[in-house]
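Trainee: Before I ask anything, let me first share the structure, which is written out below as structure tokens.
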Amino acid sequence: MTDVNGEATTLAVGEHIRESIDQAETTLLDYKGRRSVAEKWVDFVDNSKWLSSFLIDAKHVSPPCEVPGLIFIISAVLRGFGQVVFQDNPWTGLFVCIAGGLPHWPTAIMGIIGYWSLVAYTVLMEFCWAGDTQPLTTTYNRLIHILTAILHVVLPNGGPALTAPFCITVTILLGAMLWDFIDGVVHLSKIIDKLSLLSKFPQKRRQTNR
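This note's numbering numbers the first residue of the sequence shown as 159 and each following residue consecutively.
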């Protein structure tokens, strides 16, 4: 519907807007009907501030929200346990804790207490030790301080800052083990070659004597 000058009237514009809204609602309903379970779960997590803070990083939450300190600590500790099986997930860490404590829960509790006691003892007794052990503990503490200072570099890149040293150490150890294995195979092949040469030597000597 147009006026005398051929321009759209208000009624025509309203009809066009109403049709566009109806089409958008139909498209949205069709999309929601075809969504998978994973997509619905992501929407459910995004709508819950507690779940979004606990399950995924704050920068991935839509809309962004601040992570409470207690939830961050719990999530970081559980993610640390999950790194034992190379999973950056707090639920995996929780299951690892449960699996480790099910056989004998007093042992698990005493292990946690003993671990933190040892860490506190190492830090507090640094200035009381003398001899050859003091440089080692001092270097260890300095490395921890350096790592803590550069956490702001690791966190924006999505890396698990509290468990990155564990992952790096395990990767280096696996590489070292692989290198030792390759070196051992090469050394064993050399030994086999020498043995094969020694086994052939008497035969050549017998042929020359004949």
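Cβ atoms here follow ideal geometry from the backbone N, Cα and C, with glycine treated the same way. As the structure is a computational prediction, the values presented were derived from the model and not from experiment.
Counting C-beta neighbours from all protein chains within 10 Å, is the total for Leu376 16 or more, i.e. buried, or is it exposed?
Mentor: Lying before the first or after the last residue shown, residue 376 is absent from the chain, which here runs from 159 to 368.
Trainee: Under the assumption that Gly259 contacts Gly251 (Cβ atoms under 8 Å), give the Cβ distance between them as a whole number of angstroms.
Mentor: Gly259 to Gly251, Cβ: 12 Å. No contact.
Trainee: In angstroms, rounded to a whole number, what distance separates the CA positions of Tyr273 and Ala182?
Mentor: Between Tyr273 and Ala182, the C-alpha separation is close to 58 Å.
Trainee: Below 7 Å CB to CB, which residues in the same chain sit around Gly172 once its five sequence neighbours on both sides are set aside?
Mentor: Hits under 7 Å: none found.
Trainee: For the alpha helix (DSSP H) containing Pro248, list its first residue and its last residue.
Mentor: Counting along the chain, the alpha helix (DSSP H) containing Pro248 begins and ends at 248-259.
Trainee: For Thr160 and Ile179, I'd like the C-alpha separation in whole angstroms.
Mentor: Confidence is the limiting factor: at Thr160 the pLDDT is only 48, short of 50, which leaves the residue's position unreliable, though a coordinate-based value still follows. Their Cα atoms are separated by approximately 22 Å.
Trainee: If we ignore side chains and look at the alpha-carbon of each, how far apart do His262 and Trp199 end up?
Mentor: In a straight line, the C-alpha of His262 is about 35 Å away from that of Trp199.
Trainee: Which same chain residues, not among the five before or five after His218, have their C-beta less than 6 Å away from its C-beta?
Mentor: Confidence at His218 is low in this model, with a pLDDT of 47, below 50, so its placement is unreliable and the value that follows should be read with caution. Here the set comprises nothing.
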